[in-house]
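Residue numbers for the sequence shown follow the numbering used here, beginning at 40 and rising by one. Worksheet: one structure, shown below.
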Amino acid sequence: MNKIEKKNTLAISAGKVISRFGNIVFDYSNVTYLASKSNGSLAFVGIYQASESVISIIFNLFGGVIADRFNRKKIIIITDFLSGILCLLLSFFVSQAKYLLYLIVLANVVLAIFDCLSGPSYKSIVKEVIEKDNIQKFNSVLETSSRITQVLGPLIAVFIYKQAGMRGALLVDGASFILSGLITTAVIPIVEVTIVEKKKFSLSNLVSDIKEGFIYVYSKKKIFYLIALSSLCNFLFAGYNLIIPFTNKMFSASNVNVYGTILTAEAVGGIAGALLSSFFNKKLSEKKIIGFITANGLLLALLGIVFKYFQSIPVIFIIVAIFSFCLSNFNIQFFSKIQSEVDTEYLGRVFSIIFTVAVLFMPIGSLVFSAFLKANNPNNFIFLGIVMIIISIIFIFLIDRLSSEK
Numbered sequence: 040m041n042k043i044e045k046k047n048t049l050a051i052s053a054g055k056v057i058s059r060f061g062n063i064v065f066d067y068s069n070v071t072y073l074a075s076k077s078n079g080s081l082a083f084v085g086i087y088q089a090s091e092s093v094i095s096i097i098f099n100l101f102g103g104v105i106a107d108r109f110n111r112k113k114i115i116i117i118t119d120f121l122s123g124i125l126c127l128l129l130s131f132f133v134s135q136a137k138y139l140l141y142l143i144v145l146a147n148v149v150l151a152i153f154d155c156l157s158g159p160s161y162k163s164i165v166k167e168v169i170e171k172d173n174i175q176k177f178n179s180v181l182e183t184s185s186r187i188t189q190v191l192g193p194l195i196a197v198f199i200y201k202q203a204g205m206r207g208a209l210l211v212d213g214a215s216f217i218l219s220g221l222i223t224t225a226v227i228p229i230v231e232v233t234i235v236e237k238k239k240f241s242l243s244n245l246v247s248d249i250k251e252g253f254i255y256v257y258s259k260k261k262i263f264y265l266i267a268l269s270s271l272c273n274f275l276f277a278g279y280n281l282i283i284p285f286t287n288k289m290f291s292a293s294n295v296n297v298y299g300t301i302l303t304a305e306a307v308g309g310i311a312g313a314l315l316s317s318f319f320n321k322k323l324s325e326k327k328i329i330g331f332i333t334a335n336g337l338l339l340a341l342l343g344i345v346f347k348y349f350q351s352i353p354v355i356f357i358i359v360a361i362f363s364f365c366l367s368n369f370n371i372q373f374f375s376k377i378q379s380e381v382d383t384e385y386l387g388r389v390f391s392i393i394f395t396v397a398v399l400f401m402p403i404g405s406l407v408f409s410a411f412l413k414a415n416n417p418n419n420f421i422f423l424g425i426v427m428i429i430i431s432i433i434f435i436f437l438i439d440r441l442s443s444e445k
């Protein structure tokens, strides 16, 4: 990377980490506050959490169109500033307990909309500020910082809420979003993007642009297959996430915190995978990307066998760490492939499709697997692993057939 690319990488990753940290503090503070209320708090927490998914399904696709129509850097900066201002305004109503519950839910809806509008821009701006050969390195840095924030963010959020209360947490939220926007102003585009003359901005044209995005994805068969594979994996990962809290019940020794071990192994493996990704993944290959899913399927099946017959904590830690290592590499390779291969004018819409499908498949997977998986059955891991292996083999066959046709 040259100096400008390094500066852009630092600015985008720092801005993303800080805004993500703001989201973590916002969510923790709000959920804790809502849960502390005796009357109707469960309903408010449910509405609060469900509203994000509903908003994502509705607005993600529009966010992709906006990312392809307007300046992506400005979209990120404006949504960060608006998010910060909203949190600062909300902090003035902390003493108004009668209205605060409703204002928290409303603010979460608005922030979710801002996130939908900025998310595709964050992913698609990469092609404007990083040369194609360095996109994978950029994503490695972004994934590493994201994984670290995922681990440290909740710990810091707990500390802030305990020390500063609801108002203090909201002030920190507001400051973090505004700081993120200010940092993003330092991003310098290095690749000239040709702005295609757009149709008049209207609802019908927005819908038409969304349709064009779907048609484009379907026309790029390899990209289409990778997105389909990612969606099915999200469905299966929902089952994995559903059963790991019950792993303590799968273990014969009652005094062992298996779930905590798994979470720690996921964090260690994910960070290691992100750090090392750029060192051994030099070429973006569809088969290599799918290979990480095949490996994850094998590891899940092996995890089930260990739970069933051996019950060794060190072995479980190693398997889960490697699983998370492979998943981290899959994410980096997958997003790098999309950013490298998709035409710039469609990049926002392609990412909005990816985000929307992910939001749809995860809850569907949770509902489906909760209906027929037994919580404390190690065979769950074996089943999910075998299905993942079969799916990956099918997609390798599809990619091979597509290559042979060409």
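All C-beta atoms, glycine included, are put in the ideal place defined by N, C-alpha and C. Being a predicted model, the structure only gives us computed values, none of them experimental.
- Put simply, the segment 50-61 touches the segment 215-222. At least three CB pairs are less than 8 Å apart.
- Assigned with DSSP and collapsed to three states, S405 falls in helix.
- Distance from the CA of F120 to the CA of L441, rounded to the nearest whole angstrom, comes to 45 Å.
- Counting along the chain, the unbroken alpha helix (DSSP H) around I430 starts and ends at 418-444.
- In the structure shown, I152 falls within a helical segment according to DSSP collapsed to helix, strand and coil.
- Judged by their CB atoms, S163 and I114 are not nearer to each other than the 7 Å cut-off.
- L366 is the residue among L366, A360, F101, L281 whose C-alpha sits nearest the C-alpha of I329.
- No Cβ-Cβ contact shorter than 7 Å links G278 with S363.
- When the alpha-carbon of I116 is set against those of K201, L156, I438, the nearest one is in L156.
- Check the Cα spacing between L342 and each of A304, N47, A136: the tightest is with A304.
- Between L302 and S405, the C-beta spacing is not below 7 Å.
- Excluding sequence positions up to five before and after V104, its CB lies within less than 8 Å of the CB of L245, D248, I249, G252, G387, R388, S391, all in the same chain and listed in chain order.
- Excluding the 5 residues flanking it on each side, G158 has same chain C-beta neighbours closer than 8 Å at N99, G102, F390, S391, F394, in chain order.
- Taking one beta carbon from each stretch, the segment 411-431 and the segment 344-351 have 3 or more pairs nearer than 8 Å; the two touch.
- With 16 or more other Cβ atoms inside 10 Å of its own Cβ, A50 counts as buried.
- Between F263 and Y257, the C-beta spacing is below 7 Å.
- Taken atom to atom, the span from the alpha-carbon of Y72 to that of I283 is near 27 Å.
- Contact between the segment 82-90 and the segment 201-211 is absent, with fewer than three C-beta pairs closer than 8 Å.
- In the DSSP assignment, A414 falls outside any alpha helix (DSSP H), carrying neither H nor E.
- About 5 Å separates the Cβ atoms of S375 and N178, confirming a contact at the 8 Å cut-off.
- For N69, the uninterrupted alpha helix (DSSP H) run begins and ends at 42-75, by DSSP.
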